[in-house]
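Let me begin by presenting the structure, written as structure tokens, before commenting on it.
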């Protein structure tokens, strides 16, 4: 008998513990209530998508000035940041050697002309003798050959003189454009050799009031970049200033660095205050798509689903958005699931399984006098925060974005306690 009594006591204790655990962990959730709907108004705003890139600032037109002849730098008339005009003499080479070459070619040219005059006289004399049969045909042919050779020699010497004059003119370095000197690579007395390639003496920028950004765009984004798109960018030197530009060119030649493929996008920008300097690093934002005065809502409104027990608007009483007479099939929404019907109070239907309405496509929930009502929408452009609404909503509509969840007063998880469970600190037994 005592053994049976012990078994009954153990079973009673275990049952009490089970009831206490169930009450402690589940009763609070079972009596939890759904709070108010948190809504936002449908508004018009500018919505856009962008991509980011970095690049280097360069002048729009930049010329490297060199020399086509070798020699020593005799004079330099400009320095860094000097403003120059087209045709202005900016440097001169030592001309003594070039002048000597011109003099020698001139003498050779005159000698060739003198030889031509002699050959011309000889040919004329032999031709007359041949007409009177005093000279043979062979002598006439030889005289004609010598005359033609003398003419070719004169032409050759003449070209040598012209080339010597041209080389002498190359000793005077002139600016090819109006602009400013960005770089001076030589000093007075330095020897420049123009044997295989033209040495660079100066770098001149045409106009610093216009600049370009050579931006490197990742291969994943290059398909969105088009000529004429708007660009904003910043530079470290003026972090509080935003500069504006336009995509001028998307170059097809790829650049691969550490297995990362990028493409060069040329962005032109106005620089009236000349704050932008060559070589600065620009952080660019390219606007790939932009819509002004778009009807927009937060993206999170598309992801919201009302909780079980939320008061629902009766579909018969729900206002419909204005639509064309030929409405699309399937625009009618199904009735709300059990426990979410019209007039249902918070907490009712908690014992019933919550089933979401079967709404195909994009949809939102609108707030009508504190009750939720589904609305199918057609979406457009999204920037990740807001999304454009093409159909289904009007400006001023109240769209639900989230929902408060509260616990019923006096029915929190800690309100139901088992007599076999220890009480929490500060809790009084009733």
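Numbering (the working numbering), first residue to last: 762 to 1191. Here a beta-carbon is modelled for each residue, glycine too, at the ideal position from N, C-alpha and C. These figures come from a predicted structure and were not determined experimentally.
Quick one: measure Cβ to Cβ for residue 1161 and residue 1128, integer angstroms, because I've assumed they're closer than 8 Å. Translated into the one-based positions of the chain shown, residue 1161 becomes position 400. Translated into the one-based positions of the chain shown, residue 1128 becomes position 367. So it is a contact: roughly 5 Å between Cβ atoms.
For residue 981, verify whether its CB is less than 7 Å away from any heavy atom of the ligand SAM. Here there are no bound small molecules, and the ligand SAM is not part of this structure.
Whole-angstrom distance between residue 1049 and residue 1170, CA atom to CA atom: To locate residue 1170, count along the chain shown from 1; it is residue 409. To locate residue 1049, count along the chain shown from 1; it is residue 288. The pLDDT assigned to residue 1170 is 49, lower than 50, so where the model puts this residue is not dependable; a value taken from the coordinates is nonetheless given after this. About 52 Å.
Is residue 830 closer than 8 Å to residue 932 when the C-beta atoms are compared? The residue labelled residue 932 in the question sits at position 171 within the chain shown. The residue labelled residue 830 in the question sits at position 69 within the chain shown. Their beta carbons are under 8 Å apart, which means residue 932 touches residue 830 by this criterion.
Report all residues from its chain with a CB closer than 8 Å to the CB of residue 948; omit the five preceding and five following residues, and keep chain order. Your numbering for residue 948 matches position 187 in the chain shown. Counting only Cβ-Cβ distances below 8 Å, and skipping sequence neighbours, we find 834 and 837.
My output table needs one value for residue 1128: the three-state DSSP class, helix, strand or coil. Along the chain shown, one-based indexing puts residue 1128 at 367. Residue 1128 falls in the strand class under three-state DSSP.
Pull up the distance between the alpha-carbon of residue 1132 and that of residue 809, whole angstroms please. Residue mapping note: residue 1132 aligns to position 371 of the chain shown, counting from 1. Residue mapping note: residue 809 aligns to position 48 of the chain shown, counting from 1. Each residue's alpha carbon lies about 32 Å from the other.
Just the Cα atoms here: how many angstroms apart are residue 935 and residue 826? To locate residue 935, count along the chain shown from 1; it is residue 174. To locate residue 826, count along the chain shown from 1; it is residue 65. Cα to Cα, the separation comes out at about 8 Å.
Span separating the alpha-carbon of residue 795 from that of residue 1071: Residue 795 sits at position 34 when you count from the first residue of the chain shown. Residue 1071 sits at position 310 when you count from the first residue of the chain shown. Taking the straight line joining both Cα atoms gives about 6 Å.
Does the separation of the CB atoms of residue 806 and residue 1046 fall below 8 Å? For this step, residue 806 is matched to residue 45 along the chain shown. For this step, residue 1046 is matched to residue 285 along the chain shown. Not closer than 8 Å, so no.
Over what stretch of residues does the alpha helix (DSSP H) that includes residue 927 continue unbroken? Position 166 of the chain shown holds residue 927. Taken as a continuous stretch (DSSP letters only), the alpha helix (DSSP H) holding residue 927 covers 898-931.
Whole angstroms are fine: how far does the CA of residue 1143 sit from the CA of residue 978? Taking the first residue of the chain shown as 1, we reach residue 978 at position 217. Taking the first residue of the chain shown as 1, we reach residue 1143 at position 382. Approximately 21 Å between the Cα atoms of the pair.
What are the partner residues of residue 853, as DSSP defines its beta bridges? The residue you call residue 853 lines up with position 92 of the chain shown. According to DSSP, which records beta bridges pairwise, residue 853 is partnered with 836 and 933.
Spell out a yes or no on whether the region 884-896 and the region 986-1003 are touching, meaning 3 or more CB-CB pairs, one atom from each, closer than 8 Å. no
Classify residue 918 as buried or exposed, calling it buried when 16 or more other Cβ atoms lie within 10 Å of its own Cβ. Taking the first residue of the chain shown as 1, we reach residue 918 at position 157. The residue in question, residue 918, is buried, as its Cβ has 16 or more Cβ neighbours within 10 Å.
Selection from 920, 1051, 1130 and 1165 that minimises the alpha carbon distance to residue 1141: Along the chain shown, one-based indexing puts residue 1141 at 380. Selected option, being the one with the closest Cα: 1051.
I want to know whether the region 969-986 touches the region 1007-1022 - three or more CB-CB distances under 8 Å. yes
If you run the structure through DSSP and keep just helix, strand and coil, what is residue 938? For the purposes of this step, residue 938 is taken as residue 177 along the chain shown, with counting starting at 1. In the displayed model, residue 938 falls within coil according to three-state DSSP, outside both helix and strand.
Provide the residue span of the alpha helix (DSSP H) that contains residue 1062, from first to last. Residue mapping note: residue 1062 aligns to position 301 of the chain shown, counting from 1. Where residue 1062 is concerned, the enclosing alpha helix (DSSP H) stretches over 1061-1064.
Need the endpoints of the beta strand (DSSP E) that residue 1143 sits in, please. Here residue 1143 refers to the residue found at position 382 of the chain shown. Looking at the DSSP string, the run of the beta strand (DSSP E) that includes residue 1143 is 1139-1143.
Are residue 970 and residue 1033 touching if we call contact CB-CB under 8 Å? Counting from 1 along the chain shown, the entry for residue 970 is found at position 209. Counting from 1 along the chain shown, the entry for residue 1033 is found at position 272. For residue 970 and residue 1033, yes; Cβs fall inside 8 Å.
Distance, Cα to Cα, residue 1021 vs residue 963? Reading the chain shown from its first residue, position 260 is the one you call residue 1021. Reading the chain shown from its first residue, position 202 is the one you call residue 963. Spanning the alpha carbons of residue 1021 and residue 963 requires a straight line of approximately 34 Å.
Which listed residue (891, 903, 861 and 986) has its alpha carbon closest to that of residue 925: Along the chain shown, one-based indexing puts residue 925 at 164. Selected option, being the one with the closest Cα: 861.
Taking just the CA atoms, how far does residue 1042 sit from residue 1000? Mapped onto the chain shown, residue 1000 falls at position 239. Mapped onto the chain shown, residue 1042 falls at position 281. Residue 1000 and residue 1042: Cα-Cα distance of roughly 12 Å.
Measuring CA to CA, which of 824, 814, 876 and 855 is closest to residue 832? Counting from 1 along the chain shown, the entry for residue 832 is found at position 71. Of the candidates 824, 814, 876 and 855, the one whose C-alpha sits nearest the C-alpha of residue 832 is 855.
Quick one: Cα of residue 956 to Cα of residue 828, how far? Against the chain shown, residue 956 aligns to sequence position 195. Against the chain shown, residue 828 aligns to sequence position 67. If I take the Cα positions, the gap works out to 10 Å.
With 16 other Cβ atoms within 10 Å as the buried cut-off, status of residue 841: To locate residue 841, count along the chain shown from 1; it is residue 80. Burial call: exposed.
What does DSSP give as the partner residues of residue 827 in its beta bridges? Here the question's residue 827 lines up with position 66 in the chain shown. Partner(s): 961.
Count the other C-beta atoms from every protein chain shown that fall within 10 angstroms of the C-beta of residue 1075, then say buried if there are 16 or more, exposed otherwise. Walking along the chain shown from the start, residue 1075 turns up at place 314. Label assigned to residue 1075: exposed.
Write down the C-beta distance between residue 824 and residue 960 rounded to the nearest angstrom, noting that I regard them as a contact closer than 8 Å. Residue mapping note: residue 824 aligns to position 63 of the chain shown, counting from 1. Residue mapping note: residue 960 aligns to position 199 of the chain shown, counting from 1. 15 Å between Cβ atoms; not a contact.
CA-to-CA distance, residue 990 to residue 822, given in whole angstroms: The residue labelled residue 822 in the question sits at position 61 within the chain shown. The residue labelled residue 990 in the question sits at position 229 within the chain shown. Between residue 822 and residue 990, the alpha-carbon positions lie close to 21 Å from each other.
Just tell me which of 845, 1135 and 1134 has its CA closest to the CA of residue 941. For this step, residue 941 is matched to residue 180 along the chain shown. With distances taken between Cα atoms, residue 941 lies closest to 845.
Whose C-alpha, out of 910, 820, 912 and 1125, is nearest the C-alpha of residue 1030? On the chain shown, position 269 is the one that residue 1030 refers to. If we check each option's Cα against that of residue 1030, 820 comes out closest.
By how many angstroms is the C-alpha of residue 817 removed from the C-alpha of residue 1018? Within the chain shown, numbered from 1, the residue matching residue 1018 stands at position 257. Within the chain shown, numbered from 1, the residue matching residue 817 stands at position 56. Their backbone Cα atoms lie some 16 Å apart in a straight line.
Could you tell me the distance, in whole angstroms, from the CA atom of residue 985 to the CA atom of residue 1028? The sequence position of residue 985 within the chain shown is 224, counting from 1. The sequence position of residue 1028 within the chain shown is 267, counting from 1. Cα to Cα, residue 985 sits roughly 15 Å from residue 1028.
Verify the CB distance criterion: does residue 917 have a CB-CB separation below 8 Å to chain B? You won't find chain B in this structure, because it holds only one protein chain.
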